[in-house]
Amino acid sequence: MTNTDKLCADWLHAKRTEAEARMQRLAIEEQLAQAFDVPDEGSKTHHTDAHKVVLTQPVYRKVDPVEWA
């Protein structure tokens, strides 16, 4: 196997690992959202015995200048 083939194989492995870690993180975030009170808008801070958890729920607003003209 050439050096570039090894790099390609390593890259593919890293991407797979990254995708698995992302799925695991999102599953944990969903469980945290169920365990804590999530605000409809803004942020809310929760304290556990060992952690400070800040849950944020951003709201994006956009004004259409043509509609308001």
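Taken in order, the sequence shown gives residues 1296 to 1364; the numbers are from the working numbering. Just so it is clear, CB atoms sit at the ideal spot from N, CA and C, and this is done for glycine as well.
query                                                                                                                                             : result
For Val-1352 and Pro-1334, which I take to be in contact (beta-carbon distance under 8 Å), what is that distance rounded to the nearest angstrom? : One point to set straight first is that residue 1352 is Gln, not Val, in the sequence displayed. That belief holds up - the Cβ atoms of Gln-1352 and Pro-1334 are roughly 5 Å apart, short of 8 Å.
Apart from the five residues just before and just after Asp-1332, which ones in its own chain have a Cβ nearer than 7 Å to its Cβ?                : Lys-1339
For His-1346, does the three-state DSSP call read helix, strand or coil?                                                                          : coil
Helix, strand or coil for Thr-1312? Go by DSSP, reduced to three states.                                                                          : helix
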